[in-house]
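Protein chains in written order, with full-length UniProt numbering: chain A, 1 to 457; chain B, 1 to 457.
Here the structure is laid out as structure tokens; the discussion comes afterwards.
There are 2 protein chains.
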Amino acid sequence: MERRMNDRPRLVVIGGDAGGMSAASQARRRGPEDLEILALERGTYTSYSACGIPYLVGKTVSSPQDLIARDPETFARDFSILVRTGTEATDIDLQERTVHTVDAAGTEREERYDHLVVATGAVPNRPELPGARAEGVFGVQTLVDGIRLREYLDTRGPRRAVVVGGGYIGLEMAEAFLERGIAVTVLDGGPEPMGTLDADMGALVREAMTEMGAVFRPWAWVTGFETDKGRVRAVATADAVYEAEVVVLGLGVRPDSDLARAAGLRIGPTGGIVVDRRMRTSDENVWAAGDCVETFHRVSRAPVAIALGTHANKQGRVAGTNIGGGYASFGGVVGTAATKLCGLEIARTGLNEAEARSAGFEFETVTVDSTTRAGYYPDAGAVTVKLLAERRTGRLLGGQIVGAENAAKRVDVLATALWNEMTVEEVAGMDLSYAPPFSPVWDPVLIAARKLAERAY
Amino acid sequence: MERRMNDRPRLVVIGGDAGGMSAASQARRRGPEDLEILALERGTYTSYSACGIPYLVGKTVSSPQDLIARDPETFARDFSILVRTGTEATDIDLQERTVHTVDAAGTEREERYDHLVVATGAVPNRPELPGARAEGVFGVQTLVDGIRLREYLDTRGPRRAVVVGGGYIGLEMAEAFLERGIAVTVLDGGPEPMGTLDADMGALVREAMTEMGAVFRPWAWVTGFETDKGRVRAVATADAVYEAEVVVLGLGVRPDSDLARAAGLRIGPTGGIVVDRRMRTSDENVWAAGDCVETFHRVSRAPVAIALGTHANKQGRVAGTNIGGGYASFGGVVGTAATKLCGLEIARTGLNEAEARSAGFEFETVTVDSTTRAGYYPDAGAVTVKLLAERRTGRLLGGQIVGAENAAKRVDVLATALWNEMTVEEVAGMDLSYAPPFSPVWDPVLIAARKLAERAY
Numbered sequence: 001m002e003r004r005m006n007d008r009p010r011l012v013v014i015g016g017d018a019g020g021m022s023a024a025s026q027a028r029r030r031g032p033e034d035l036e037i038l039a040l041e042r043g044t045y046t047s048y049s050a051c052g053i054p055y056l057v058g059k060t061v062s063s064p065q066d067l068i069a070r071d072p073e074t075f076a077r078d079f080s081i082l083v084r085t086g087t088e089a090t091d092i093d094l095q096e097r098t099v100h101t102v103d104a105a106g107t108e109r110e111e112r113y114d115h116l117v118v119a120t121g122a123v124p125n126r127p128e129l130p131g132a133r134a135e136g137v138f139g140v141q142t143l144v145d146g147i148r149l150r151e152y153l154d155t156r157g158p159r160r161a162v163v164v165g166g167g168y169i170g171l172e173m174a175e176a177f178l179e180r181g182i183a184v185t186v187l188d189g190g191p192e193p194m195g196t197l198d199a200d201m202g203a204l205v206r207e208a209m210t211e212m213g214a215v216f217r218p219w220a221w222v223t224g225f226e227t228d229k230g231r232v233r234a235v236a237t238a239d240a241v242y243e244a245e246v247v248v249l250g251l252g253v254r255p256d257s258d259l260a261r262a263a264g265l266r267i268g269p270t271g272g273i274v275v276d277r278r279m280r281t282s283d284e285n286v287w288a289a290g291d292c293v294e295t296f297h298r299v300s301r302a303p304v305a306i307a308l309g310t311h312a313n314k315q316g317r318v319a320g321t322n323i324g325g326g327y328a329s330f331g332g333v334v335g336t337a338a339t340k341l342c343g344l345e346i347a348r349t350g351l352n353e354a355e356a357r358s359a360g361f362e363f364e365t366v367t368v369d370s371t372t373r374a375g376y377y378p379d380a381g382a383v384t385v386k387l388l389a390e391r392r393t394g395r396l397l398g399g400q401i402v403g404a405e406n407a408a409k410r411v412d413v414l415a416t417a418l419w420n421e422m423t424v425e426e427v428a429g430m431d432l433s434y435a436p437p438f439s440p441v442w443d444p445v446l447i448a449a450r451k452l453a454e455r456a457y
Numbered sequence: 001m002e003r004r005m006n007d008r009p010r011l012v013v014i015g016g017d018a019g020g021m022s023a024a025s026q027a028r029r030r031g032p033e034d035l036e037i038l039a040l041e042r043g044t045y046t047s048y049s050a051c052g053i054p055y056l057v058g059k060t061v062s063s064p065q066d067l068i069a070r071d072p073e074t075f076a077r078d079f080s081i082l083v084r085t086g087t088e089a090t091d092i093d094l095q096e097r098t099v100h101t102v103d104a105a106g107t108e109r110e111e112r113y114d115h116l117v118v119a120t121g122a123v124p125n126r127p128e129l130p131g132a133r134a135e136g137v138f139g140v141q142t143l144v145d146g147i148r149l150r151e152y153l154d155t156r157g158p159r160r161a162v163v164v165g166g167g168y169i170g171l172e173m174a175e176a177f178l179e180r181g182i183a184v185t186v187l188d189g190g191p192e193p194m195g196t197l198d199a200d201m202g203a204l205v206r207e208a209m210t211e212m213g214a215v216f217r218p219w220a221w222v223t224g225f226e227t228d229k230g231r232v233r234a235v236a237t238a239d240a241v242y243e244a245e246v247v248v249l250g251l252g253v254r255p256d257s258d259l260a261r262a263a264g265l266r267i268g269p270t271g272g273i274v275v276d277r278r279m280r281t282s283d284e285n286v287w288a289a290g291d292c293v294e295t296f297h298r299v300s301r302a303p304v305a306i307a308l309g310t311h312a313n314k315q316g317r318v319a320g321t322n323i324g325g326g327y328a329s330f331g332g333v334v335g336t337a338a339t340k341l342c343g344l345e346i347a348r349t350g351l352n353e354a355e356a357r358s359a360g361f362e363f364e365t366v367t368v369d370s371t372t373r374a375g376y377y378p379d380a381g382a383v384t385v386k387l388l389a390e391r392r393t394g395r396l397l398g399g400q401i402v403g404a405e406n407a408a409k410r411v412d413v414l415a416t417a418l419w420n421e422m423t424v425e426e427v428a429g430m431d432l433s434y435a436p437p438f439s440p441v442w443d444p445v446l447i448a449a450r451k452l453a454e455r456a457y
């Protein structure tokens, strides 16, 4: 379909969250003044912090409004971006350059585009098990999920919760329940919580969780949910039944790429939409950003799909710059992530042992115990740092940190080192900040790098 | 002088603090078993944290013993290192490979060496002004200085203090006085406190200081100290007199290289001992480490003398490894430093504007205000990040951070980026950790890098 001469150039964005709205805003900043921008959002809210949902549930954050960076009115007023909420994109026609939409009232439309951004996000893994749709069983993927769960806790006042899945969201939800004085059991299919850490580091998380009064059950594969009058009352595994008045599913997510696949866009081995470094898909007029894409892992050099708001923001910005006629490229990821469970901070970057092995590396590891401040300084907390380095080259492959307050953000040094393909010998020599309130004279990550350098070559 | 066949190889270390004792310990670990190690220390204590002295004075740290990592008995017992305290090295004979020493009793000795480590540290800049030696005027260079000052505060109970010099030590001492409820005025010869920051960032420090109840006086050049019966009662500048019952001098330090110079070792333009990357001096049997050496600044590519325990430790370790027959090199510095003043954290790395100009760079700068946590997360504190990047290349040249708790350690990402000569465009794209308790979705350093990238090319 040729664009008629009197038409304004038109950008359509599918998905009104981090990836999509970053692309839209940046295209507005960088693009031609007459660019028309339409964003389609299936749900009610735009541009909210999905990462903040556990804190909303735990009442660390008081109102859902706090999590919303910009609402549709703000986009309309400040960016001249029209957001149509409650509107689902059901089909993309790459030939005709149109998107078929249906709104809540059932009204269908055909939206033409010159540029299209697919930012459809991720879908939570939800087990197809008996009772999985019972009242009291919640996902916490969207802001609406979070609001509903919070209301349920406020009105029902459950005393026992079960969290299925001991990853980031599972731990953050466990914290939320603890904050609200609700007893919580975390069931995980693996040996330890935080399966993106090695089990020896995950064990530290389990020990801390247990001390905080949460219960962790390893190798706990859920077989179903027992209900009473349509409401959940217990979670069943192969060998046990855990009573629960509320259940949260935190089983991870996968790219929501069905729409893109149906349109004929190329999908990669991770299930994410394939994009080039400018975030362009296999169709030259279509871009993609956020949890629905797969991206390049700089250490494994393999495609990965990592659902994280920070990547979505950067990718959306890159897409928007390119759509606007500028040049920007997304450099990939190194697998950095962080969270906390009450006073315990947890972070990782690069490859863990299983990932390094699967990427074909041989490696050495080291684990050191140190402190977040000089040992003699008040509130010096314990921190454990584990590093992996390639055999012979000594190249840093990954790092994991579990420790007290101020422990987690140290992972950024390791992420920066990975980005630059540094060896642990080089890392050990770096000029990092030192003062007694901030670290021992050798920062814990330097100690770890130094010890690993002695071993890795 | 030929070493006699039956002599054990012998390492002599001049200076029993961070640089010297790191070298000695590492030589013990890596060197031949029969290596004899003698360390000469002019003072009473070995291997203590000089950076901890302000916290000792402010009683954040309770006992001087807390600051001592290892005492002479520990070195003797665990490392077979003989430490002779109260013993000054007065002369080095490079030809004969001997050190002349005098102890407190006046006994003189000639110590032969096969390897010598010069780790004589730094001397504080002390103005030769009337009254500078009065009772109540203190330096805080050595642990003994700190102990004496603390005792003076305990016994005399002064109500007003003046700190001369608004740099790291000056600010840390101001904190110590505030902690003890002593009114404090900081006099500085420049426009703002923290002269290693640009004045616009220093202004933020001044504003915070003032809110904390400390007084800062710019352009205040001290002309003398008024005394009453030999005890200080005021500090005089060209245009004012500041009453003070206790005065601390924090005017920086310079390399203590007199002994090395007299021996004929090469001294550089900074006044520090010249060493190669293995920490070897101009004499092949003599090594040096710590505050007495000059080192390579990786950004300016010029020699610098930076007195900091973390460098001293690394350099000592490098020297010790090489003395022990291994290979290690010191990669230089990027000028990273951090401190705090009560709840305010301050950090810098690389070059500030004046330093960048003097190194011949043309550059762009950006300053951004952000938060240490997601804006909606409780206790999200303000943080200001300033970055400098070279014109045309966009290469990061330096960074400065002033902000609330958890602000300072972010400088390590910038230090790592400088180490790797990254551009701000690259920095902006990096995969740093994100979770609401730790940072906004774009970490403040990423926001700054992103904004500067838009401007630097």
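We put the CB at the ideal spot given by N, CA and C, even for glycine.
Remember, it's a predicted structure, so these values are computed and weren't measured experimentally.
Taking the alpha-carbon positions, what's the residue i to residue j distance?
| i | j | result |
| --- | --- | --- |
| B/R160 | B/V246 | 7 Å |
| B/P436 | B/A374 | 5 Å |
| A/E294 | A/S257 | 10 Å |
| B/M1 | B/R112 | Because the pLDDT at B/M1 is just 46, under 50, the model does not fix this residue reliably, and the point stays unresolved. |
| A/T270 | A/P303 | 7 Å |
| B/R317 | B/L116 | 14 Å |
| B/I306 | A/L40 | 56 Å |
| A/R28 | A/L11 | 10 Å |
| A/L259 | A/A89 | 8 Å |
Evaluate residue i with the Cβ neighbour count: other Cβ atoms within 10 Å of its Cβ, from every protein chain shown; 16 or more gives buried, anything less gives exposed.
| i | result |
| --- | --- |
| B/Y327 | exposed |
| A/W219 | exposed |
| B/V400 | Val is not the amino acid found at residue 400 of chain B; the sequence shown has Gln there. By the 10 Å Cβ count, B/Q400 comes out buried. |
| A/T372 | buried |
| B/R301 | exposed |
| A/D443 | buried |
| residue 466 of chain B | Nothing in the structure corresponds to residue 466 of chain B, since chain B is present only between 1 and 457. |
| A/A415 | buried |
| A/L33 | The residue you asked about is not Leu; residue 33 of chain A is Glu in the sequence shown. Answer is exposed; the Cβ neighbour count stays below 16. |
| A/P191 | exposed |
| A/T281 | buried |
| A/A453 | buried |
| residue 468 of chain A | A query on residue 468 of chain A cannot be resolved here, the shown segment of chain A reaching from 1 to 457 and no further. |
| A/K340 | buried |
| A/L197 | buried |
Return the chain-ordered list of same chain residues with a C-beta closer than 6 Å to the C-beta of residue i, the five sequence neighbours on each side being excluded.
| i | result |
| --- | --- |
| B/G189 | W221 |
Tell me which same chain residues have a C-beta within less than 7 Å of the C-beta of residue i, skipping the five on either side of it?
| i | result |
| --- | --- |
| A/G264 | L94 |
| B/Y45 | I68 and L143 |
| A/M422 | L396 |
| A/T223 | L129, A236, T237 and A238 |
If you follow the beta strand (DSSP E) that residue i is in, where does it begin and where does it stop?
| i | result |
| --- | --- |
| A/W419 | Segment V411 to W419 is the alpha helix (DSSP H) holding A/W419; no beta strand (DSSP E) there. |
| B/R348 | L344 to G350 |
| B/A89 | T87 to D93 |
Can you name the start and end residues of the alpha helix (DSSP H) that residue i belongs to?
| i | result |
| --- | --- |
| A/F75 | P72 to F79 |
| A/P54 | I53 to V57 |
| A/Q315 | G309 to I323 |
| A/V205 | A199 to M212 |
| A/K451 | P444 to A456 |
By Cβ distance below 8 Å, which residues in the same chain neighbour residue i in space, the five residues on each side in sequence not counted?
| i | result |
| --- | --- |
| B/N285 | L94, R97, Y113, D114, H115 and L116 |
| A/N313 | A18, G19 and S22 |
So, does the segment 401-412 of chain B touch the segment 335-347 of chain B, judging by three or more C-beta pairs under 8 Å?
yes
I want to know whether the segment 334-341 of chain B touches the segment 131-145 of chain B - three or more CB-CB distances under 8 Å.
no
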